[in-house]
Amino acid sequence: MPLPRILVASVLALSALSSGACEHDHDPEGYATLQACFDVHTEEENLSVNEAVVVCCLDHAIGGQTEVCGATQAECVAYLSTALAADSATSAEIDASCTNYVTQREL
309 MPLPRILVAS VLALSALSSG ACEHDHDPEG YATLQACFDV HTEEENLSVN
359 EAVVVCCLDH AIGGQTEVCG ATQAECVAYL STALAADSAT SAEIDASCTN
409 YVTQREL
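Just so you know, our numbering puts the end of the sequence shown at 415, numbered straight through with nothing missing.
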């Protein structure tokens, strides 16, 4: 086998090995509703209300849409107040979570 063919074969083999070894799902999971996302993060992963809101708002598509929590603290509060069940978070927790979300969004 001539040298160029050996190099090409080696590169292809290494490429196949490295891509197979690094197969991870880097796309965040999407959720049908914010409540579903919130429940997974608070109940299964034991995140705080604040952490769950930020993760759901920044890292996950909700209903196939990204950035559903809005661009401002007021938009976020309005959205969360209707998207979360009344017993999921207090108004103070929603307010604090939205403040944190807007700060993290701007980073």
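Glycine included, each C-beta is placed from N, C-alpha and C at the ideal position. Here the structure is a predicted model, which means the values were calculated and not measured.
- Within the region 377-411, complete beta strand (DSSP E) segments of at least 3 residues are not found at all.
- Residue environment: Ser-405 is assigned as buried (16 or more neighbouring CB atoms within 10 Å of its CB, all protein chains considered).
- If the five residues before and after Thr-350 are omitted, its C-beta is found closer than 6 Å to the C-beta atoms of Ala-360, all from its own chain and listed in chain order.
- In this structure, the CA atom of Asp-347 is about 23 Å from the CA atom of Thr-411.
- Listed in chain order, the non-local C-beta contacts of His-368 below 7 Å within the same chain comprise Pro-336, Glu-337, Gly-338, Tyr-339 and Cys-345, local neighbours out to five positions each way being set aside.
- DSSP lists Ile-370 as the beta-bridge partner residues of Gln-373.
- Going by beta carbons, Val-362 and Glu-401 fall outside the 8 Å limit.
- By the Cβ neighbour-count rule, Ala-391 is buried, with 16 or more other Cβ atoms within 10 Å of its own.
- Boundaries of the alpha helix (DSSP H) harbouring Ala-344: 342-347, taken from the DSSP string.
- Residues Gln-381 of the same chain have their beta carbon placed closer than 8 Å to that of Thr-407, with the five preceding and five following residues left out of the count.
- Between the C-alpha atoms of Thr-374 and Glu-383 there is a straight-line separation of about 14 Å.
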